[in-house]
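Below is one structure; the comments refer to it alone.
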Amino acid sequence: METLAQKAAECLARVREKQPLVHNITNFVVMNSTANALLACGASPVMAHAIEEVEQMVSFAGALVLNIGTLTPPWIESMLLAAKKARALGVPAVLDPVGSGATEFRTNSSRRIISEAGVSLVRGNASEVLSLSDNAGQTKGVDSTHSVDEAAQAGRDLALAIATPVAITGAVDLITDGKRTLRVANGHALMTKVTGTGCLATAIIGAFLAVEPDTLEATAAALAYVGLAGERAAAVSSGPGSLQVNLLDALYNISPADLAQGAKIHA
Amino acid sequence: METLAQKAAECLARVREKQPLVHNITNFVVMNSTANALLACGASPVMAHAIEEVEQMVSFAGALVLNIGTLTPPWIESMLLAAKKARALGVPAVLDPVGSGATEFRTNSSRRIISEAGVSLVRGNASEVLSLSDNAGQTKGVDSTHSVDEAAQAGRDLALAIATPVAITGAVDLITDGKRTLRVANGHALMTKVTGTGCLATAIIGAFLAVEPDTLEATAAALAYVGLAGERAAAVSSGPGSLQVNLLDALYNISPADLAQGAKIHA
Amino acid sequence: METLAQKAAECLARVREKQPLVHNITNFVVMNSTANALLACGASPVMAHAIEEVEQMVSFAGALVLNIGTLTPPWIESMLLAAKKARALGVPAVLDPVGSGATEFRTNSSRRIISEAGVSLVRGNASEVLSLSDNAGQTKGVDSTHSVDEAAQAGRDLALAIATPVAITGAVDLITDGKRTLRVANGHALMTKVTGTGCLATAIIGAFLAVEPDTLEATAAALAYVGLAGERAAAVSSGPGSLQVNLLDALYNISPADLAQGAKIHA
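Protein chains in written order, with the working numbering: chain A, 2 to 268; chain B, 2 to 268; chain C, 2 to 268.
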């Protein structure tokens, strides 16, 4: 029987082979690092947010990545439009609700995207996922003030309530559709000192969703791949500056065989 | 008696301990490097510019950083709103008037933020500070065409006129409230070949203002810390690309004890 | 008789000496890397897109760089305004039609800038150049799906039709005004795995156009310089992350003599 690590390796091989176009409507902070991560992974990134073109752009895409990190109302309208088109076309879409819980504008915008357009997966940190569930708590800024374990039940409840899988990333990542749950134990603490590693993971999930229909397994595969790259990068880095550089090199150099060996995914 | 270098070390230790949220409304060029510098320093950065959320976001923040590098009118309105809220709540705010003097739009916008909202500190290069004083001169783009010495008297006059401390950065930085003046001799010339090192310094000043009420000493501490990181980074860099990476590593690795030893602050 | 490589070296020496201000209205993804590349090259970059200031800013500039990578209608209006002012003042302008051919909005916006304002040079990949010629083909995202050879005739026809030189970059770059054609064989395949290397080349072309009136030779010089930097960087890089860093170091460290020796420009 195929293991989850072997499945992850197959997903990576398919990304490298198919080079899916990943359409990002994302925040200003991470646009460069996200595009570079997608290229390093083997995908083809495009950033396009104009209401005049998002529907046409997403129609060529293998996946759509929405990230509200530096949101304003026109960007949310573009995200809604793109997500609706993606849904109509069967293009998988992933939402990163950056800072949801910190301001009402972020929480409400995330909820609107989920309820009005719908996505294939929500990927957030523990505080963001808690903010989207009913037992919402206040958070501070965009860094999580809660652990994954604290948010695990809320994540399962949220996934059931919105009928959409949820990934909570942290020291050990949790991916759940409310019934089935996968955990990924790859990663390194120094990654939290580089801005946008969560956003980067969301974009890589997009690339994997473009080539694999099982959302939970594609997401676990992507998170194991990014986490393994972080482990390799941290081993040769002197701080967060070099980690950011080495992370891109590692994403580029990790082979499917490396991922089959290094992925720590368990049910 | 405590030296200024010892004070600087204490400020850094407090940033690492308190991890203040620093709310940035800044330019597109430096958002990534600014966020990474704040993380490397020990602070928690957030970028948020929507008029719908800036007041709520700044209410959790330890400091507000305003930077007009890629300004448009809606961004200036958000900066004014956030700065007024910060003032009402006692949250320190720092303004980086990028390119003031190059265009009337930049000069006027900087003046509006100072006069209509008020900030705790203005940090600019010599040309920018000259443009904000009465004896304003024309500059070219965003790189200074004047030396700190040429702008020293204008800086003191400006600080008195607007009742706000002013920091002029260059080969030797000058921080003044019009009466008391501190100078910081840390730094390296190669830093001028990396975009946004001035903006980065402004953001780090924000983190230090969040933990230290003496504005002049907090600013000198932050500039000594960034300058020392630049010195260390330059010593192991082959050019501006590696400097940018090594600067983040140095910001992360410099300890309070290192700063106590390496800070070159004098009255 | 002076060779094209010697001419390239002279152009680089002049950029280093004159430090031209290069005014960029460019996309969010590459703003940081573009500014850093221009600084490494010896030029002085400024990013300014507000309709309130683009005409004043371009009036000080040695060159204007327009890049539609993350376009919206207000940005296109600013580009048109700046390009018209540049033309009136004799400031050279270069257009990078990122993703032209992928969406109608991009193709139409590129055409409007060319026809309504006019530029000194259009620099694109093969798919983008094909999209602007009459025999337009559909492309996918922002990565070329055609080779330079496939687009060579279309590039010559386009240059004649719009009376503007065209540069098509790829494994071997082609620069043509429809009659005369230069080719540049510098570069490295790993550069395609770093986002914005084409945009970076466009910005460097801007810096070279600021100091050299022969558009074809200035463009070939800039592309040889960037390509040589890519070759040097790739030789010491472990992947696209380190390539991005080493590329900036190489741009900074390549001397005019290095370029005279390494430039592979032929008619």
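Even glycine gets a Cβ: it sits at the ideal position worked out from N, Cα and C. Predicted, not measured: the structure shown is a model, and the values here were computed from it.
Would you report the Cα separation of Leu-6(A) and Ser-101(C), rounded to the nearest angstrom?
Note that residue 6(A) corresponds to Ala in the displayed sequence, not to Leu. Each residue's Cα considered, the two are about 40 angstroms apart.
Taking Leu-224(C) as the reference, give the member of Tyr-253(C), Ile-206(C), Ala-83(C) with the closest Cα.
Ile-206(C)
Taking the alpha-carbon positions, what's the Pro-1(C) to Arg-113(C) distance?
As displayed, chain C neither begins before 2 nor continues past 268, which places residue 1(C) out of reach and without an answer.
When we look at the beta-carbon of Pro-241(C) and count the other beta-carbons within 10 Å, is it buried (16 or more) or exposed?
buried
Can you pull the chain A residues whose beta carbon is under 7 angstroms from the beta carbon of Phe-243(C), in chain order?
Position check: residue 243(C) holds Ser in this sequence, whereas Phe was assumed. By Cβ distance, chain A contributes Val-246, Asp-250.
Would you mind giving the Cβ-Cβ distance between Leu-159(A) and Ser-134(A), rounded to the nearest angstrom? I have them listed as a contact below 8 angstroms.
5 angstroms
Buried or exposed: Leu-90(C), going by 16 or more other Cβ atoms within 10 Å of its Cβ?
exposed
So the candidates are Ala-41(A), Leu-248(A), Leu-229(A); which of them puts its Cα closest to the Cα of Ala-261(A)?
Leu-229(A)
Under 8 angstroms between C-beta atoms of Val-23(A) and Pro-46(A):
yes
Excluding the 5 residues preceding and the 5 following Ser-79(C) in the sequence, name in chain order all residues of the same chain whose CB lies nearer than 8 angstroms to its CB.
Ile-26, His-50, Ala-51, Ile-52, Val-55
Closer than 8 angstroms is the cut-off here; do at least three beta carbon pairs connect the region 234 to 254 of chain B with the region 189 to 206 of chain B?
yes
Is the Cβ-Cβ distance between Leu-249(C) and Ala-41(C) less than 8 angstroms?
yes
For Gly-125(C), the three-state DSSP class (helix, strand or coil)
strand
Does the Cβ of Ala-236(C) have 16 or more other Cβ atoms within 10 Å, making it buried, or fewer, making it exposed?
exposed
Cβ atoms of Arg-88(C) and Pro-98(C): under 8 angstroms apart, would you say?
no
Residue closest to Ser-128(A), alpha-carbon to alpha-carbon, out of Asp-150(A), Val-120(A), Ala-118(A), Leu-122(A):
Asp-150(A)
DSSP three-state assignment for Val-92(A), whether helix, strand or coil:
coil
Comparing C-alpha positions only, which one of Arg-15(B), Gly-63(B), Val-143(B), Arg-17(B) sits nearest to Leu-72(B)?
Val-143(B)
What residues in the region 18 to 47 of chain A have a beta carbon less than 9 angstroms from any beta carbon of chain B?
Asn-28, Phe-29, Val-30, Val-31, Met-32, Asn-33, Ser-34
Going by beta carbon distance, what residues of the same chain come within less than 7 angstroms of Thr-170(A), once the five residues before and after it are set aside?
Arg-124, Asn-126, Gly-199, Ala-202, Leu-224
Please list the partners that Lys-194(A) has in chain B, where partner means a Cβ-to-Cβ separation under 7 angstroms.
Leu-40, Ala-41, Tyr-253
When you compare the CB positions of Gln-57(A) and Thr-104(C), do they come within less than 8 angstroms of one another, or not?
yes
For Ala-64(A), count neighbouring Cβ atoms within 10 angstroms of its own Cβ and tell me buried if that reaches 16, exposed if not.
buried
Taking the continuous alpha helix (DSSP H) assigned at Pro-257(C), which residues delimit it?
257 to 263
Pick from Val-16(C), His-147(C), Lys-86(C) that is closest to Val-120(C), judged by C-alpha positions
Lys-86(C)
Using the rule of at least 16 other Cβ atoms within 10 Å of the residue's Cβ for burial, across every protein chain shown, is Ala-268(B) buried or exposed?
exposed
Please confirm whether Ala-10(B) and Ala-258(B) have their CB atoms less than 8 angstroms apart.
yes
Taking C-beta to C-beta, are Ser-34(B) and Asn-33(C) nearer than 8 angstroms?
yes
Separation of Gly-179(A) from Ala-251(B), as counted between CA atoms:
43 angstroms
Please check the pair Leu-122(A) and Ala-152(A), which I expect to be a contact at CB under 8 angstroms, by giving their CB distance rounded to whole angstroms.
Leu-122(A) to Ala-152(A), Cβ: 16 angstroms. No contact.
Rounded separation between Ala-155(B) and Glu-117(C) - CA only
44 angstroms
Got a sec? Which residues, its chain only, sit under 8 angstroms from Gly-231(B) by beta carbon, not counting five neighbours each side?
Asn-187, Gly-188, His-189, Leu-191, Met-192, Thr-198, Leu-244, Leu-248, Ala-251
Tell me the rounded alpha-carbon separation between Ala-83(B) and Pro-75(A).
20 angstroms
Any C-beta of chain A sitting closer than 8 angstroms to the C-beta of His-147(B)?
no
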